[in-house]
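Number 55 in the UniProt record's numbering belongs to position 55 of the sequence shown; there are no gaps in the numbering. Virtual Cβ for every residue (Gly too), placed ideally from N, Cα, C. Only a predicted model underlies this, so the values are computations on that prediction, with no experimental measurement involved.
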Amino acid sequence: MKLDRTDRKILKAMQHNGRISNLELADLVGLSPTPCSRRVKRLEESGLIRAHVTLLNQSMLGLKLTAYIGISMDRHTPDRFEAFEAEVMSYPEVMECSVVTGQSSDYLLKAVVADMEYYERFLLGRLTRIPGVTGVHSSFELRRVIQRTELPLDHIDDTTLLRD
1 MKLDRTDRKI
11 LKAMQHNGRI
21 SNLELADLVG
31 LSPTPCSRRV
41 KRLEESGLIR
51 AHVTLLNQSM
61 LGLKLTAYIG
71 ISMDRHTPDR
81 FEAFEAEVMS
91 YPEVMECSVV
101 TGQSSDYLLK
111 AVVADMEYYE
121 RFLLGRLTRI
131 PGVTGVHSSF
141 ELRRVIQRTE
151 LPLDHIDDTT
161 LLRD
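Structural data, given as structure tokens:
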């Protein structure tokens with residue numbers, strides 16, 4: 001799939017404001033509403049636009065603690081990793097989970113919880129009980145310096161082919 005300049009403008013505008021109306025978007029990118037709507041639909045159907053979400057204020061919801069958790073596994077086998085991943089996917093506290101290299105951990109998780117007491121219950125009552133978990137290393141966010149949801153798009157030009 002190729003993206004042209006107008007597609008990039010659409011993506012940039014929608015990342016900045018997911019609630020922008022089609023009329024406002026069309027005006028912003030220099031299209032009439034119908035072609036603009038068709039382009040957005042094409043971007044959605046291609047999978048480039050994965051979802052439209054609402055970002056909530058974590059602190060106002062009483063979720064004051066963000067933990068970055070390194071998880072070490074006993075075996076590096078597909079079945080062990082699949083079981084771990086299926087389990088952590090069911091935990092709403094886990095915001096992100098990545099397989100990582102270059103560290104002593106196999107996974108890096110980002111979890112959001114109310115406080116340290118909740119974190120202790122989450123860690124000892126759930127995470128460490130997952131079969132195969134042999135080590136856990138936790139770091140806690142003191143202050144968030146940057147939090148972005150918008151991906152950079154400046155590297156894409158009219159000749160760039162996008163693929164999954």
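Query	Result
How would you write the range of the beta strand (DSSP E) that M73 sits in, first residue to last?	65-73
Could you pull out every unbroken beta strand (DSSP E) segment of at least 3 residues lying fully inside the stretch 85-109, listed in chain order?	94-99
What are the boundary residues of the beta strand (DSSP E) that H137 is part of?	133-140
Would you check if the distance between the CB atom of S138 and the CB atom of S105 is smaller than 8 Å?	no
Which value, in whole angstroms, describes the spacing of the CA atoms of V100 and G30?	42 Å
To the nearest whole angstrom, what separates the beta carbons of I49 and M14, a pair I think is in contact under 8 Å?	7 Å
Just list the alpha helix (DSSP H) runs in the stretch 3-61, keeping only unbroken ones of 4 residues or longer that don't cross its boundaries, in chain order.	5-16, 22-29, 33-45
Go ahead and pull the three-state DSSP assignment for A111.	strand
Alpha helix (DSSP H) containing R121: first to last residue?	116-125
Can you tell me the Cα-Cα spacing of I10 and C97, whole angstroms?	29 Å
Hey, P33 and L43: beta-carbon distance below 8 Å or not?	no
Assuming G135 contacts R80 under a Cβ cut-off of 8 Å, what Cβ separation, rounded to an integer in Å, is found between them?	Actually they are not in contact, since the Cβ atoms of G135 and R80 sit about 14 Å apart, beyond 8 Å.
When you compare only the Cα positions, how much space is there between A111 and L142?	14 Å
By the 10 Å Cβ neighbour count, where 16 or more other Cβ atoms means buried, how is E85 classified, buried or exposed?	exposed
Find out if the Cβ-Cβ distance for the pair V113, L63 is shorter than 8 Å.	yes
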